[in-house]
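Engineer:
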Amino acid sequence: GIPRSVIKKIWSYLFTTADPSIQEGMVAFSGEVDHSVDSPLAGLGYGLPISRSYARYFGGDISIMSMEGFGTDAFVYLPRLGNSREPLPI
């Protein structure tokens, strides 16, 4: 989980709790990195801020519940768009 001392910072771009050695490997866009498995932006601090921006754009929001030492859950709330039934593929 995310430490309580930094929970407010997670919404800032470029803030990360990732190990610096992981970041160095991800930023060095060498030909040896398998991008089908490893994301070139993983651990760079873009995921949560961008996700929250998209959720708010669609009238919703995202919230985080974290227990240090156990894990973190992200909840995305999106209002239903329109007033008709929306079919969902199964």
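To get the numbering used here, take the position in the sequence shown, counting from 1, and add 483. Yeah, the Cβ is synthetic: ideal placement off N, Cα and C, and Gly gets one too. Quick caveat: nothing in here was measured; it's all calculated off a predicted structure.
Pick out whichever of Val489, Leu527, Tyr560 has its Cα sitting closest to the Cα of tyrosine 540.
Structural biologist: Position 57 of the sequence shown, counting from 1, holds the residue named residue 540. Checking every option, the nearest Cα to that of tyrosine 540 belongs to Tyr560.
Engineer: Considering just the uninterrupted stretch of the alpha helix (DSSP H) at alanine 538, what are its terminal residues?
Structural biologist: Taking the first residue of the sequence shown as position 1, residue 538 is located at position 55. Where alanine 538 is concerned, the enclosing alpha helix (DSSP H) stretches over 530-540.
Engineer: From what residue to what residue does the beta strand (DSSP E) around alanine 557 run?
Structural biologist: Taking the sequence shown and counting its residues from 1, the one referred to as residue 557 is at position 74. Its beta strand (DSSP E) spans residues 554-560.
Engineer: With distance defined between alpha-carbon atoms, name the residue in Tyr496, Ser534, Ser549 nearest to tyrosine 487.
Structural biologist: Within the sequence shown, the letter at position 4 stands for residue 487. The residue you asked about is not tyrosine; residue 487 is arginine in the sequence shown. Out of Tyr496, Ser534, Ser549, Ser549 has the C-alpha closest to the C-alpha of arginine 487.
Engineer: Closest by CA to tyrosine 529, which one among Ile493, Glu551, Gly484?
Structural biologist: Within the sequence shown, residue 529 is the residue found at index 46, counting from 1. Taking only the C-alpha atoms, the option nearest tyrosine 529 is Ile493.
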